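Residue numbers (my numbering), protein chains in the order written: chain B, 102 to 308; chain V, 102 to 308; chain C, 102 to 308; chain D, 102 to 308.
For each residue, glycine too, the CB sits at the ideal point set by N, CA and C.
Here the structure is a predicted model, which means the values were calculated and not measured.
First comes the structure, then the notes that go with it.
Protein chains: 4
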Amino acid sequence: MKQRNLRSENKKNSNLKLISSTIKNLSKKGINELTMHDVSQGAGLSQGIVNFHFKNKEFLLIETLRFISNEYLHSFQKSILKTENDPRRKLIGIIENDFSKKICTREKIAVWFTFFSEIKYKPAYHQICKERDLYYQSITENIFAELIKKENIKLSKKNIAKGFQALIMGLWLDQLEDPDTFNRIQAKKICFEFIKSNFPKQFKRII
Amino acid sequence: MKQRNLRSENKKNSNLKLISSTIKNLSKKGINELTMHDVSQGAGLSQGIVNFHFKNKEFLLIETLRFISNEYLHSFQKSILKTENDPRRKLIGIIENDFSKKICTREKIAVWFTFFSEIKYKPAYHQICKERDLYYQSITENIFAELIKKENIKLSKKNIAKGFQALIMGLWLDQLEDPDTFNRIQAKKICFEFIKSNFPKQFKRII
Amino acid sequence: MKQRNLRSENKKNSNLKLISSTIKNLSKKGINELTMHDVSQGAGLSQGIVNFHFKNKEFLLIETLRFISNEYLHSFQKSILKTENDPRRKLIGIIENDFSKKICTREKIAVWFTFFSEIKYKPAYHQICKERDLYYQSITENIFAELIKKENIKLSKKNIAKGFQALIMGLWLDQLEDPDTFNRIQAKKICFEFIKSNFPKQFKRII
Amino acid sequence: MKQRNLRSENKKNSNLKLISSTIKNLSKKGINELTMHDVSQGAGLSQGIVNFHFKNKEFLLIETLRFISNEYLHSFQKSILKTENDPRRKLIGIIENDFSKKICTREKIAVWFTFFSEIKYKPAYHQICKERDLYYQSITENIFAELIKKENIKLSKKNIAKGFQALIMGLWLDQLEDPDTFNRIQAKKICFEFIKSNFPKQFKRII
DNA sequence: AATGAATGAGGGTTCATTCAT
DNA sequence: CATGAATGAACCCTCATTCAT
Numbered sequence: 102m103k104q105r106n107l108r109s110e111n112k113k114n115s116n117l118k119l120i121s122s123t124i125k126n127l128s129k130k131g132i133n134e135l136t137m138h139d140v141s142q143g144a145g146l147s148q149g150i151v152n153f154h155f156k157n158k159e160f161l162l163i164e165t166l167r168f169i170s171n172e173y174l175h176s177f178q179k180s181i182l183k184t185e186n187d188p189r190r191k192l193i194g195i196i197e198n199d200f201s202k203k204i205c206t207r208e209k210i211a212v213w214f215t216f217f218s219e220i221k222y223k224p225a226y227h228q229i230c231k232e233r234d235l236y237y238q239s240i241t242e243n244i245f246a247e248l249i250k251k252e253n254i255k256l257s258k259k260n261i262a263k264g265f266q267a268l269i270m271g272l273w274l275d276q277l278e279d280p281d282t283f284n285r286i287q288a289k290k291i292c293f294e295f296i297k298s299n300f301p302k303q304f305k306r307i308i
Numbered sequence: 102m103k104q105r106n107l108r109s110e111n112k113k114n115s116n117l118k119l120i121s122s123t124i125k126n127l128s129k130k131g132i133n134e135l136t137m138h139d140v141s142q143g144a145g146l147s148q149g150i151v152n153f154h155f156k157n158k159e160f161l162l163i164e165t166l167r168f169i170s171n172e173y174l175h176s177f178q179k180s181i182l183k184t185e186n187d188p189r190r191k192l193i194g195i196i197e198n199d200f201s202k203k204i205c206t207r208e209k210i211a212v213w214f215t216f217f218s219e220i221k222y223k224p225a226y227h228q229i230c231k232e233r234d235l236y237y238q239s240i241t242e243n244i245f246a247e248l249i250k251k252e253n254i255k256l257s258k259k260n261i262a263k264g265f266q267a268l269i270m271g272l273w274l275d276q277l278e279d280p281d282t283f284n285r286i287q288a289k290k291i292c293f294e295f296i297k298s299n300f301p302k303q304f305k306r307i308i
Numbered sequence: 102m103k104q105r106n107l108r109s110e111n112k113k114n115s116n117l118k119l120i121s122s123t124i125k126n127l128s129k130k131g132i133n134e135l136t137m138h139d140v141s142q143g144a145g146l147s148q149g150i151v152n153f154h155f156k157n158k159e160f161l162l163i164e165t166l167r168f169i170s171n172e173y174l175h176s177f178q179k180s181i182l183k184t185e186n187d188p189r190r191k192l193i194g195i196i197e198n199d200f201s202k203k204i205c206t207r208e209k210i211a212v213w214f215t216f217f218s219e220i221k222y223k224p225a226y227h228q229i230c231k232e233r234d235l236y237y238q239s240i241t242e243n244i245f246a247e248l249i250k251k252e253n254i255k256l257s258k259k260n261i262a263k264g265f266q267a268l269i270m271g272l273w274l275d276q277l278e279d280p281d282t283f284n285r286i287q288a289k290k291i292c293f294e295f296i297k298s299n300f301p302k303q304f305k306r307i308i
Numbered sequence: 102m103k104q105r106n107l108r109s110e111n112k113k114n115s116n117l118k119l120i121s122s123t124i125k126n127l128s129k130k131g132i133n134e135l136t137m138h139d140v141s142q143g144a145g146l147s148q149g150i151v152n153f154h155f156k157n158k159e160f161l162l163i164e165t166l167r168f169i170s171n172e173y174l175h176s177f178q179k180s181i182l183k184t185e186n187d188p189r190r191k192l193i194g195i196i197e198n199d200f201s202k203k204i205c206t207r208e209k210i211a212v213w214f215t216f217f218s219e220i221k222y223k224p225a226y227h228q229i230c231k232e233r234d235l236y237y238q239s240i241t242e243n244i245f246a247e248l249i250k251k252e253n254i255k256l257s258k259k260n261i262a263k264g265f266q267a268l269i270m271g272l273w274l275d276q277l278e279d280p281d282t283f284n285r286i287q288a289k290k291i292c293f294e295f296i297k298s299n300f301p302k303q304f305k306r307i308i
C-alpha cells in the first residue's frame, strides 16, 4: 500500500518534471524543434520515458497545454476572489494578473502562442483554449454587466468583454513581437484607459 | 532577349506558384506538418524544384512571410490612400481593411499566427513582422494624433495606437479560436466602439 | 551493474559490426557509392542505427579509418616485438607483415587508398594517416640507423627509411592496379633486394 | 564548311575548358564532392553543357583521366627522347620528369590518387591506368636491361623496374601525405640512391 | 518504474540529367 | 551550340516510438 503510494507519487513527480521540461523547452524552441529527447533530457530522465508516461508526443503537449491553462486559471481566480464583490476591483485584479510578472513573461507568452498557432489543426488544443476563453469571457461579461448597470449606459456586455479580452491578447502578442519596448506598466495603462473611456464615472479617479 | 524575358517570366511564375502553394498548405497544416512535397505538389511542380528556387525550406518560409506581409501592406496602403486627408475616414478604412473578406480570412490569420508563434526563435520572421508593425504603428499614431488634436483631449497617441493595434490582433486571434461565433461585423463594431469611446465627438454619429 | 555491462557490450558489438560492414563495403564500392543503407544492412541492423552510433557518415568513416589504422599498427608492432633486438630480423618482420595475407589483401589496400585519395580535403583523414606514417617512419629509421652502423657505410637513415616506406606503398598500389600479375612473394623479393643492395654484408645470404 | 570547322573548333575548345575545370576542381574537392555544376561553372559555361559534350559524368571523368594520362606520357616521352641512347641519361631524365615542377605538384598527384582509389570499381579507370603503367614498365625494363648488361650483374629487370616504379609512386603519395616536409630534391635523391645501390659502377660518380 | 539501444518511416536536400527555348 | 529551369531518384539524417533488460 505504502509502496504503491510511493510509486504513484514518483509517477506524479515524473509527470510534472516532464511537463515543466516541455514548457521550458517550448519557450526556447517552438513546437517543431522540440524533441522528446529535449524533454526527457531537461527532466533529467531517459529517452523512452516520455512515451511511458504520456503515450505520445501529442498527449504530452496536450497535457502541457492543460497544465499552463490550469495554472493561468488558478491565478486568474485568485485575482478576483480576494476582491469581494466589487466589479471595479475585480477588473483591476484581472488586469493586474494578466500583466503580472508571473503570468506575462515572454517565455510563457511564447508557449501560449505556440499552441494558438496550432489551434486550427489540433482539435484538442482548440478545445482547451476555447474552454479557458469561455470561462474568461463569462466572468468578464458578468463584471462588465454590473459596471454597465452602475454606469447607466447602453453598451453590449458581450462586445465589451470580447474587446477587453482581445485587447489583452493583442498586448501579449505585442510583448512577443516587441520585447524591447514593451513594458508591463504601459500595457496595464492601455487596458485601464480602455475601461476608463467606457466607464468614465467609475474609473476616472483611479490610476 | 525575348527568350531571356520569357525565362525569367517563367521563373517568377514558378516562385509565385510555390509561395501560393505554401500559403494554401500552411493554412491547413502548420509549419511542422508542411512538407516540401506538399508545396511542390500543390504548385504542380516536382520535388526538388523548391530547393532550386528557394535554397531550402527556411528561405521558402521567409519569402512566404515576406509575401503575405507585402500583400497586407499594399491592401493597407490602398485603404488609406483613397481617403484624402480625413483621419476619421482613414481609421475607418483601416478597420474595414483589417476585417475585410480579403484580409481577415481564417486561412490567412492562421498563416500569420503560424509565423507569430516562431518569432521568438527565428530572427528573420521577427524582423519582417516588426517592420510591418512599426509601419502600421507610425501611420496609426499620426492618425490618432490628428484625432486627439481635433477632439481636444489629453491622450497618448502612442498608447492609443498600441491599444488599437492590439485590439485588432486580439480580434484576429479570436477569429482563429472561435470561428463559429466570430463575425466580421461584430469585430468591426468592437473596433468602432473603441474609437467612439475615445473620440466621442468625432465618431458619435457614424455607425 | 551486470545490465549496464551487457548493454555497453552490445553497444561495442554494434559499433564493431558497423565498422566491419563499412570496411567490407568500402572494399567494393568506394566512398561515393557507399550508402548508410549498405552499412547497416551489412551489419544486420536497421537504417538509422549508424547515425545513432556515429552521428553521421563522416564520423563513421573517420572511425573506420582509425580502426584499420589501429589494426595495422597492432600487426606491425607484433611483427617487430618477437624479434628481440636484431634489426635485420625486425626489418624482415616488417616486410613479412606488410605483405602478409592478413594485411596485404586487395580489399584492405583498396580501403587504404580510398582514404588516401581524400587526405587532401579531409583533415581528419590526413591526421590519422600522418600519425601512422610518422610512427612507421620513426621505427624504421631506428632500424636503418643500426644497420647503417653495422654495415659501416655512409647513408642517410631518413632517406633510406623514406625510400623503404615509399617502396612498400608503391607495391601496395601495384597490387591494386595489377592484381593479376601481382604476387606477395615477388613484392617481398623486391623489398629484400632494396635492402640487400643497400646492406650487402648483412643481407647477402638470406633469401 | 568554314562554319562547320568553326563549330568543331568551338566544341574542342569547350571540351578542353571542361576537362581543365574538372582537373582544377578535382584537385581541391575529390571525386565525391565534384559536381557537374562546379565543372561547368569553372569553365565559364552553363549547367547542362557538360552532358551535352560528354554524355555523362562518368565519361567526363574518363576523358579527364585520359587527358592527364596523355599529358603525363608526352612529358615522359620528351624526357627520354632527347637523351639519345644512353640508358643512364634516360633513367635520370625519367626521374627528373617524375619529380619536375610540372608533373609532381600536389594538385596533380591528388587527381591521380583520386582515380587510383576508384580503380577497383571502375574498369575504365583501371584500363587507362594499366596502359600507362605497362608502357612505363616496358620502357624502364628495357633501360634496366641495358644497365644490367653493362653493369654485368645478375638482377631481374622486371623486379627492378617494378621496384623503381613503386618507389616513385610511393614518393608521390608521400608528397600527398606530407606536403610540408616533402621536397622534390630529396625525392629525386632517394631515387638516385636506389639506382646507385643497384648499379654502383655506372652511377657512383654522378650526383 | 526506468533505461537506452534499436527500429523504420518520412522528411529535406542534392544533383546528374533532360529538354524546351 | 548553348542555356538554365525542371525533373525525380536517391541519399543522409532525424526522431517518435518500441521493447528487452
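Excluding the five sequence neighbours on either side, which residues of its own chain have a C-beta within less than 7 Å of the C-beta of residue i, listed in chain order?
i: C:Thr184; result: Arg190, Lys191 and Gly194
i: C:Leu166; result: Phe216, Tyr226 and Ile229
i: D:Ser218; result: none
i: C:Ser176; result: Asn198, Lys203 and Ile204
i: V:Glu252; result: Phe300, Lys302 and Gln303
i: D:Asn116; result: His154
Smallest Cα separation from residue i: which of the options?
i: V:Glu242; options: V:Lys231, V:Ser257 and V:Glu232; result: V:Ser257
i: D:Ile169; options: D:Ser239, D:Leu127, D:Lys263 and D:Gln303; result: D:Leu127
i: D:Lys209; options: D:Asp281, D:Phe304, D:Glu294 and D:Gln276; result: D:Gln276
i: C:Met270; options: C:Asn111, C:Trp213 and C:Lys251; result: C:Trp213
i: D:Ile261; options: D:Leu272, D:Gln238, D:Glu278 and D:Trp273; result: D:Gln238
i: D:Leu235; options: D:Ile254, D:Gln266 and D:Lys250; result: D:Gln266
i: C:Gln142; options: C:Asn133, C:Ile132 and C:Lys125; result: C:Lys125
i: V:Ser147; options: V:Tyr173, V:Ile163 and V:Leu119; result: V:Leu119
Looking at the secondary structure, which residues open and close the alpha helix (DSSP H) in which residue i lies?
i: V:Ser218; result: First-last for V:Ser218: undefined, no H or E at that position.
i: D:Gln287; result: Arg285 to Asn299
i: V:Ala225; result: Pro224 to Glu252
i: C:Gly143; result: Met137 to Gly143
i: B:Lys202; result: First-last for B:Lys202: undefined, no H or E at that position.
i: C:Lys183; result: Neither: C:Lys183 is in no alpha helix (DSSP H) and is coded neither H nor E.
i: B:Gly264; result: Lys258 to Glu278
i: C:Asn157; result: Premise fails: C:Asn157 is in no alpha helix (DSSP H) and is neither H nor E.
Show which residues of chain V have a CB atom less than 7 Å away from the CB atom of residue i.
i: B:Gly131; result: Ser218, Glu219 and Tyr222
Apart from the five residues on each side of it in sequence, which residues of its chain come closer than 6 Å, Cβ to Cβ, to residue i?
i: V:Ile196; result: Lys289 and Cys292
i: B:Lys130; result: none
i: C:Ala246; result: Lys258
i: D:Pro188; result: Ile244, Glu247 and Leu248
Can you list the residues of chain C that residue i reaches, using a CB-CB cut of under 8 Å?
i: D:Cys92; result: Because residue 92 of chain D is not part of the residues shown, which for chain D are 102 to 308, the question remains open.
Report the neighbours of residue i on chain B: residues whose CB is nearer than 7 Å to its CB, in chain order.
i: V:Ser298; result: Ser298 and Asn299
Give the residues of chain B in contact with residue i, contact being defined as C-beta atoms less than 9 Å apart.
i: V:Ile269; result: Ala267 and Gly271
Chain C partners of residue i, CB-CB under 9 Å?
i: D:Gln148; result: Under the 9 Å cutoff, chain C gives no residues; its nearest Cβ is about 21 Å from D:Gln148.
Spatial neighbours of residue i within its chain, please: C-beta separation below 8 Å, excluding the five flanking residues on both sides.
i: V:Pro280; result: Arg207
i: B:Lys112; result: His154
Can you list the residues of chain D that residue i reaches, using a CB-CB cut of under 8 Å?
i: C:Lys290; result: Asn260
Original post:
Between the region 275-289 of chain C and the region 194-214 of chain C, are three or more C-beta pairs nearer than 8 Å?
Top reply: yes
**OP:** Decide yes or no for the touch test of the region 143-158 of chain C against the region 215-235 of chain C: beta carbon pairs closer than 8 Å, at least 3 of them.
**Re:** no
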